[in-house]
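Asks:
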Amino acid sequence: MSALCDNIQELLADDPSFDLEGYPEAISHIESCQSCRAFRAALRAIEGHLSELPQLSPPPGTIDGLFERLAAAPAASAAQHASGSSSQPALLMKDISVIFAQLREYGQRDDYAKRLVTTLSISLVFALALSGPSGILMAFKVVGSLLSIGLAIGMCFLAHNKRYSEFTIYSVALVITCYFLSLIAGGDLHISAMLLILVMLFAIFISCMGRYGTSIIFAGMAGFAFISRSMMSTFFNDVTVSDGGSIYSYQGMERLNSGGLSGYYAPSNNLANYAQAPPSVPAASDEQIAKWSSEEAQRIEDVLARQEHMRNQKKESLDSAPIQLMADASTLLDGGADPAEGAGKLSGDRNSKSGSHYLDDLEKTLGFDKGFADRRSLNEFAGLQDKKADNKDLLALAQPPAKPIPRGQSFPSVGAGMPSAPEPASPSDTGEELFEADLSPENEAIARGDEVAVSGAKRKALQGDELLSESVPPKEQAAAVSAPKPSSSISPAGRESDVLAAFLRTRSQIEGLRYKEPQGYWANTYLPGDPAFIALLNHARSAGRKALKPYVDAGQIIASFQAKLGMPPAQSPDLSLEDLAQRPAQPFDAPTSSALAVYMHSDQTGITGKSRMLVQVGLQATKRAGGSRPAMNVALVLDMRNELPDEEKEAIRSLVVALEKAREVGDRFSLTVAGREGGIIIKPGEFRHGTVEVALRQLLGSGVSKGGLEPGDALRSAIQAVKNSDDPNSPLGSSMVIFATSQPLQGLGATLGSIAHEGAVGGIPVSVIGIGQRAVLRELDSLALAGQGNRRILTGRDALDLVARELSSLGKVVARAVRLRIRLAPGVKLVDVVASRRLDEIQAQRVRDAEKSVDMRISRNLGIQADRGEDEEGIQIVIPAFHAGDSHVVLLDVVAPGPGPISEVTVRYKDLVYMNNGVARGNLDLGRYQSASGPLELNVMKNLLALQLSAVLESEGRRPPSDDERLGELLHTYSQLLKAIQQHYPPLRTDADLLRDVAMLDGYLEILTYFSEPGVSAETREQFSSSLRLASRLKVLPKPTLDK
Amino acid sequence: MTSNPTSTRPTSPAQIISLDDRQLLQRHLGGDPLAFRELVSAYRSKVFGYLVRCGVRNESRDDLFQEIFLTIHSNASRYDNAQALSPWIFTIVSNKVRDHFRSVSRDRAESLGDREQRAEDPGAHELAEAAETADWLERAIRKLPLSQREVVLLCCVHNMEQLEAARALGMPINTLKTHLRRARITLARHLVSKDSAANREVSR
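These protein sequence lines are chains A and B, in that order.
Under my numbering, the first residue of the first sequence carries the number 7, and numbering increases by one thereafter.
Under my numbering, the first residue of the second sequence carries the number 8, and numbering increases by one thereafter.
Structure, rendered in structure tokens:
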């Protein structure tokens, strides 16, 4: 090929029509040159193919994830941008990005410009790091930053000209400038500034040497900036820094950071993160965050003032703040009934003072009456430090209750009164294998919408009567049983105080407890896609929401709740009370380099002696989905028993075509028909466009042939066909049967359910698709429940989306065979694992077998080395599959002998994102230092409350509707408890989860007031019970995604 | 494990972007909750296709896709309603893709890209069924340098005007033309050599 050809071809490539009109010589060359002719033909072919390349649609899960993330973002952000207002200084937000963009554009000119731009960018980052959010000293900071920028530019010139001696002088000048700047700007910030300067110098050198890209420098800068800030929090643990009028507690910051919350400044940022952590919780408004921040700042100032006061008194050994003293004293009081004995112990611990002297100091310092400390328990005392102004109300709590806590006001201790974990079922969304038996009669009944009798053991745990805990001393139990119902003369505030006191007393009680062995297998409580739950949701959505509407306006209640939080009111007209039940927000950061992360927290910030506490093991999955679906083996069964209307025929056509379009390499689809020309009409491997079109033409033509295959036989043969072609090396859940019908099953439900159940037990789940309006949802739900599959409804032309959703559900799983091993430190005793139960040997063996089976299968399929099969020491919980973006907590009620290590957890799992054996570890180690409960401690308590509330709703939802008064009392008591807790812990006063729960309980109470009147139908009562049960599950389980 | 973007033909009316798309962001800023959904619906295939063909790996693709629309969501107020929407969106897309590739080392990206490509290679039977040239073209596009790949995708696949594409990619129009010319030459020469190799095979 000549140079002329090269020129001609360049001309051709520049010409959109590839004709080169106006270049006659070139045209004549092309005519005579085979190479150029071929080139032109290739250009035309490529241009044509490029414009006809197919569009690629993202998987449905991606779009869902996007909208979940959008829902988590403040709804007002767009409006805020629109108005141009911003809570941050403009330099920090908008303008900087513009400056960076301009710098980047300029930097593309040549190498010198690139280096200059690099230096300027680094200086800007440096200036930003120094700026911080405060505005008062901004001017000083900006001036200093400009000076540092000037020096940095000079350094760039010097380095470029290899004048390294002058460069060094400039560097020293820059360091000094920045050092003084940091002193002016923020006191202790100088360490952070020094580190940043060092990094900056390093980056400039690298940039001038031209060895590394700008991106590395920026990444290094950002990393060091963050690390330096974090180091500050470590160096200055418990140091409070005043920066421009705001107070930041670095002790709190460190604790929150270690717990997974990001953000530099403890009060505002962390609260904001906390409020916005889960997508399901509406974001807090700026005003609320500001309010919380100001409350938190006020609280910190109060603590500081008390610290200063104590130091001024120059007490010996009082260097650790009065909170420590309170904790010591109250622990001693809890440990021994005799104050003198406790004082003696205290004296032994601190030789310089007697115990009683300490208590006197404590009372005097905090302004309480003499002898007050003798009557306090740890939790009550710790709560009082923030509430001096309210001590009159709280003092009432300090006295022993004048009468026993009424029966309705008793609270379950952890472990008792909790629902036993449901039989762990495989997540039907994923077609997961069974870890335990799933299709219990109870589940079947749920699908039928019937009231069911709960099995003995389960019922015992669920009964509201059992709420009096086994850990409560027999004496108190007896008193509670014989107690009269609360009189209406008790004021609401007083009653709330009683309820709260009872709750706190139960939580701090350590006498008379029965301990459990912290060994063996325990039931898994993470059940995404629980078929019974899905059936209940479908039932509620399809049948029940109208029955309660005359009694309570759920939409109004929800709107009122939303108004409290400053949210726009919900628009949906079909709201129900259970819509208010949501899982508590979990403040866990999603991991970015592994599928799962583990977090350990407690409801205590520290302990000084034998204490009862909650240990929370939190699991958080990455938001990244596990990837694409594997090749699938699917049999579609069409119910064509009778002549179908045209619109149903069209829907069936769209469903089959959608399945054909969704076919990928390796998929084995087949089509089986019940009714006309029944049987397998498209075999696995022949599901192609042409075959499908021919089959549809025959199927959807007019006329019904007699003697077709019965639906039961068709389903059975489809299951058998899938089994026959099932590849044992294929991933779990990749084989399934889809039964599609547009007609009522008319008595075939039981037969089909039985066959579907057999298929599910054999590893082939059966999903059900209802087509059109004639399909009976209850029948479909029952069948899907029996088949461990999904129930979906096809309406309109959403077949593509529906099929994609059904086939891609496997991609949601990010970890399989998740094994938690929780070990308690020596001396720590287990009261219970909340909401779980220890499995007997048979159940444990099934879990072992299933885990091993999954392990081996994943090893074969994905090459992840098998590593299971042996029991481990400690509490073992096996979770079959964990979904992307989800979180789960396991709560342990324990009694620890004192400060030190409490517990450690090891989580081993099959990481389906990074394709390896993942391990996450965490441990909990509590010191002696105690402070007021922070967001993490309160979160643990909220999780406990959620489990308790779920237990109550579950048990009451199953109770025969005859004891409305008792139910009302129970709901009322819980409502009061939640309100009292909100009042007791100021950060929880605007907590969305608690506000939501209170609104829901009050709504149920409002309905109950009508139940004493005649004329309430059985359907209404059934719907009420169903709503309670649904709310119970929604409170603790991830809500399944349902189709329209 | 194969990559499985659901393939659909660009004939669905819902996917044809109307001239009034620029109103979507205005409606979104005005508080219309459905506007952004419509925007996502209109652009999801284009954006996702751009990511796939740019060579963004499967495991990063979903995250990047979501980040792009989150950026669009949060920067909606910066959109100038007088300009076309598509270049503005693809400015964000191309910047995100470039940032992504910067964060991934070149060697790793290439090796993994090859591995992914092998994983996506269908068997012989499927190859026979597939549109051979289109498959080849998809692979050839991914082998182009990123700057040329971006230009080809915007100008040839998404049929964007060259001036708008230049604006979206933040480059002068002449630079864009140069990239486009080089990309066309590379692709055409590869196709010519591929065809001639096939002819030689047949003649034997």
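Just so you know, even glycine gets a beta-carbon here, dropped at the ideal spot from N, CA and C.
Keep in mind that this is a model prediction, so the values were computed, not measured.
Contact defined as beta carbons within less than 8 Å: I believe threonine 747 of chain A pairs with aspartate 645 of chain A. What is the distance between those atoms, to the nearest angstrom?
Replies: The pair is a contact, with the Cβ atoms about 4 Å apart (cut-off 8 Å).
Asks: Could you tell me which chain B residues have their CB closer than 8 Å to the CB of glutamate 16 of chain A, listed as they occur along the chain?
Replies: Within 8 Å Cβ-Cβ: Arg188, Ile192.
Asks: Kindly say whether alanine 32 of chain A, judged by its beta-carbon, lies nearer than 9 Å to any beta-carbon of chain B.
Replies: no
Asks: At a Cβ threshold of 9 Å, is valine 1042 of chain A touching chain B?
Replies: no
Asks: Alanine 204 of chain B touches chain D at which residues, Cβ-Cβ below 7 Å?
Replies: Among the protein chains of the structure shown, namely A and B, there is no chain D.
Asks: Look at the Cβ atom of alanine 147 of chain B, then the Cβ atom of leucine 161 of chain B, and state whether they are nearer than 9 Å.
Replies: no
Asks: Which residues in chain B sit within 8 Å of isoleucine 870 of chain A, going by Cβ to Cβ distance?
Replies: Residues of chain B passing the Cβ test: none, with the nearest at roughly 12 Å.
Asks: Considering only the alpha carbon of each residue, which of A:Ala823, A:Ala762, A:Gly696, A:Leu754 lies closest to arginine 722 of chain A?
Replies: Across the set A:Ala823, A:Ala762, A:Gly696, A:Leu754, the C-alpha of A:Ala762 shows the shortest separation from the C-alpha of arginine 722 of chain A.
Asks: By a C-beta neighbour count over all protein chains shown, 10 Å radius and 16 as the cutoff for buried, is serine 154 of chain A buried or exposed?
Replies: buried
Asks: List the residues of chain B whose Cβ lies closer than 7 Å to the Cβ of aspartate 892 of chain A, in chain order.
Replies: Near aspartate 892 of chain A there are no residues of chain B at all, since even the closest Cβ is about 16 Å away, more than 7 Å.
Asks: Mapping the DSSP letters down to three states, classify alanine 267 of chain B as helix, strand or coil.
Replies: Because chain B is modelled from 8 through 211, residue 267 of chain B falls outside the range shown and cannot be assessed.
Asks: Put leucine 10 of chain A into one of helix, strand or coil per three-state DSSP.
Replies: In the structure shown, leucine 10 of chain A sits in a helix (DSSP, three-state: H, G or I).
Asks: Helix, strand or coil for alanine 872 of chain A per DSSP?
Replies: In the displayed model, alanine 872 of chain A falls within coil according to three-state DSSP, outside both helix and strand.
Asks: Any idea which residues DSSP pairs threonine 747 of chain A with across the strands?
Replies: A:Gly776
Asks: If asparagine 166 of chain B sits next to serine 57 of chain A, beta carbons under 8 Å apart, how far is it from one beta carbon to the other, in whole angstroms?
Replies: 6 Å
Asks: When you compare only the Cα positions, how much space is there between alanine 204 of chain B and serine 41 of chain A?
Replies: 14 Å
Asks: According to DSSP, simplified to helix, strand and coil, what is isoleucine 69 of chain A?
Replies: helix
Asks: For serine 1032 of chain A and valine 896 of chain A, I'd like the C-alpha separation in whole angstroms.
Replies: 26 Å
Asks: Nearest to histidine 186 of chain B by alpha carbon, out of B:Asp202, B:Lys201, B:Cys163?
Replies: B:Cys163
Asks: Counting only runs of 4+ residues fully inside the stretch 676-710 of chain A, write out the alpha helix (DSSP H) ranges in chain order.
Replies: 695-705
Asks: Based on DSSP bridge pairs, tell me the residues matched to glycine 526 of chain A.
Replies: Glycine 526 of chain A is bridged to A:Ile881.
Asks: Taking 9 Å as the threshold (beta carbon to beta carbon), is lysine 985 of chain A in contact with chain B?
Replies: no
Asks: Helix, strand or coil: which one does DSSP assign to lysine 916 of chain A?
Replies: strand
Asks: Step through the CB atoms of chain A and report whether any lies within less than 9 Å of the CB of leucine 176 of chain B.
Replies: no
Asks: Give me the residue from A:Ala51, A:Ser676, A:Ala701 with the minimum Cα distance to lysine 655 of chain A.
Replies: A:Ala701
Asks: CB-CB under 6 Å to arginine 844 of chain A, same chain, minus the five flanking residues each way: which ones, in chain order?
Replies: Gly526, Trp528
Asks: Run through chain A and tell me which residues come within less than 8 Å of leucine 198 of chain B, C-beta to C-beta.
Replies: Residues of chain A with a Cβ closer than 8 Å to the Cβ of leucine 198 of chain B are, in chain order, Ala48, Ala51, Ile52.
Asks: Taking arginine 51 of chain B as the reference, which of B:Arg68, B:Val199, B:Leu36 has the closest Cα?
Replies: The candidate whose alpha carbon is nearest that of arginine 51 of chain B is B:Arg68.
Asks: Could you give the residue range of the beta strand (DSSP E) that holds histidine 607 of chain A?
Replies: Taken as a continuous stretch (DSSP letters only), the beta strand (DSSP E) holding histidine 607 of chain A covers 602-608.
Asks: I'd like to know whether the C-beta of isoleucine 69 of chain A is nearer than 9 Å to at least one C-beta of chain B.
Replies: yes
Asks: Mind listing which residues of the stretch 70-91 of chain B have their C-beta closer than 8 Å to chain A's C-betas, in chain order?
Replies: Asp70, Phe72, Gln73, Phe76, Leu77, His80, Ser81, Asn82, Ala83, Ser84, Arg85
Asks: Anything in chain A within Cβ reach of valine 59 of chain B, meaning under 8 Å, just list it in chain order.
Replies: Leu62
Asks: Report the CB separation of glycine 795 of chain A from valine 774 of chain A in whole angstroms; it is logged as a contact under 8 Å.
Replies: In this structure glycine 795 of chain A touches valine 774 of chain A by the C-beta definition: roughly 7 Å separates them, less than 8 Å.
Asks: Is it a yes or a no for the stretch 925-938 of chain A touching the stretch 903-914 of chain A, going by three-plus beta-carbon pairs under 8 Å?
Replies: yes
Asks: Determine the DSSP secondary structure at proline 717 of chain A, reduced to helix, strand or coil.
Replies: The answer is helix: DSSP assigns proline 717 of chain A an H, G or I state.
Asks: For the stretch 843-857 of chain A and the stretch 999-1014 of chain A, state whether three or more C-beta atom pairs, one from each stretch, are separated by less than 8 Å.
Replies: no
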